[in-house]
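Working notes, structure below.
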Amino acid sequence: MNQIDDDQMVLISQYYPGGIYDQLLPEQVEAKPRRRRKKNKGDAGSSEVMRKRKLSEQQMNLLEQSFEDEHKLESERKDRLASELGLDPRQVAVWFQNRRARWKSKKIEEEYSKLKTQHETTVVENCRLENEVLKLKEQLCEAEKEIQKLTERFERFSSNSPSSSFSMEAMEPPFLGEFGMEGLENVFYVPENNYIHGLDWVNLYG
DNA sequence: ATCTCCGAGTCTTTACATCA
DNA sequence: GTGATGTAAAGACTCGGAGA
Numbered sequence: 241m242n243q244i245d246d247d248q249m250v251l252i253s254q255y256y257p258g259g260i261y262d263q264l265l266p267e268q269v270e271a272k273p274r275r276r277r278k279k280n281k282g283d284a285g286s287s288e289v290m291r292k293r294k295l296s297e298q299q300m301n302l303l304e305q306s307f308e309d310e311h312k313l314e315s316e317r318k319d320r321l322a323s324e325l326g327l328d329p330r331q332v333a334v335w336f337q338n339r340r341a342r343w344k345s346k347k348i349e350e351e352y353s354k355l356k357t358q359h360e361t362t363v364v365e366n367c368r369l370e371n372e373v374l375k376l377k378e379q380l381c382e383a384e385k386e387i388q389k390l391t392e393r394f395e396r397f398s399s400n401s402p403s404s405s406f407s408m409e410a411m412e413p414p415f416l417g418e419f420g421m422e423g424l425e426n427v428f429y430v431p432e433n434n435y436i437h438g439l440d441w442v443n444l445y446g
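The opening residue of the first sequence carries number 241 in my numbering; numbering runs sequentially from there.
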């Protein structure tokens, strides 16, 4: 056992007055000194008392069952449980206090691991979405380049050709054929009921 | 002001595992 | 197999705050 007993504690404080303990835990040193604990309540030193410390399986079962029913312990229930179990009401109260504390820390641990899992899932999803945004931006960039090419070609054509004699034969290479328009339907999508005059469509993407 | 109860923090004991 | 040592779990205690 690696325990430092009270007498050893006294020795430590005598050997290090204002020493390492002040440096490490100044607030504790300044605080009110902790009362020294008695080795054992009641029949101190009795090995019989020590051996009875651990509760029997039956006692544990009943306490656990009672705890499941209700975490709080009213004094009537405490007294009833104590007499059923053959324990001191104080023991029952202490057992419930400890049980509540340990239940709470277990809940906190569970909640923590749940949140951790959620966080990890969110990080992965975020990464996936960021990649998708990058891909879409690339697609958009490509589409804009195609529009620019088309615009320039159309403007060249307009300025070179006589206004009265528009002909598809003047387009070299063919006006749309070369661009493989599959996949660009959305880029050039115009609602059916929304007729656009002349060069207005070019301005849509300006 | 006093009492009681509770949560938080800590100490102590017990039971079990590991290692030389 | 055995004793020493480490460690987790659980029982018990102290302290301080809140409410009656």
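From the three backbone atoms N, C-alpha and C, an ideal C-beta is built for every residue, glycine too.
Quick caveat, the model's predicted, so the values are computed rather than measured.
Can you give me the Cβ contacts of residue i inside the same chain, cut-off strictly under 8 angstroms, excluding the 5 residues immediately before and after it?
{"i": "residue 324", "result": "302"}
{"i": "residue 368", "result": "none"}
If you run the structure through DSSP and keep just helix, strand and coil, what is residue i?
{"i": "residue 359", "result": "helix"}
{"i": "residue 315", "result": "helix"}
{"i": "residue 309", "result": "helix"}
{"i": "residue 345", "result": "helix"}
{"i": "residue 323", "result": "helix"}
{"i": "residue 385", "result": "helix"}
{"i": "residue 340", "result": "helix"}
{"i": "residue 398", "result": "helix"}
{"i": "residue 393", "result": "helix"}
{"i": "residue 335", "result": "helix"}
{"i": "residue 296", "result": "coil"}
{"i": "residue 302", "result": "helix"}
Given this structure, state the Cα-to-Cα distance separating residue i from residue j, to the nearest angstrom.
{"i": "residue 343", "j": "residue 370", "result": "40 angstroms"}
{"i": "residue 296", "j": "residue 311", "result": "21 angstroms"}
{"i": "residue 400", "j": "residue 381", "result": "29 angstroms"}
{"i": "residue 320", "j": "residue 293", "result": "20 angstroms"}
{"i": "residue 391", "j": "residue 363", "result": "42 angstroms"}
{"i": "residue 304", "j": "residue 341", "result": "14 angstroms"}
{"i": "residue 379", "j": "residue 366", "result": "20 angstroms"}
{"i": "residue 298", "j": "residue 348", "result": "28 angstroms"}
{"i": "residue 353", "j": "residue 345", "result": "12 angstroms"}
{"i": "residue 360", "j": "residue 351", "result": "14 angstroms"}
{"i": "residue 358", "j": "residue 300", "result": "35 angstroms"}
{"i": "residue 375", "j": "residue 309", "result": "56 angstroms"}
Given residue i, which residues of its chain have a CB within under 7 angstroms of its CB, disregarding the five upstream and five downstream residues?
{"i": "residue 339", "result": "307"}
{"i": "residue 318", "result": "329, 332 and 333"}
{"i": "residue 422", "result": "At residue 422 the pLDDT is 43, less than 50, meaning the model places this residue with poor confidence and gives no usable figure here."}
Is any non-hydrogen atom of the ligand FAD found closer than 7 angstroms to the C-beta of residue i, if you look at the structure I gave you?
{"i": "residue 374", "result": "Absence of the ligand FAD is noted for the structure shown, with no ligands found whatsoever."}
Between which residues of its own chain and residue i is the CB-CB distance below 6 angstroms, once the five residues before and five after are set aside?
{"i": "residue 384", "result": "none"}
{"i": "residue 336", "result": "313"}
{"i": "residue 356", "result": "none"}
{"i": "residue 315", "result": "none"}
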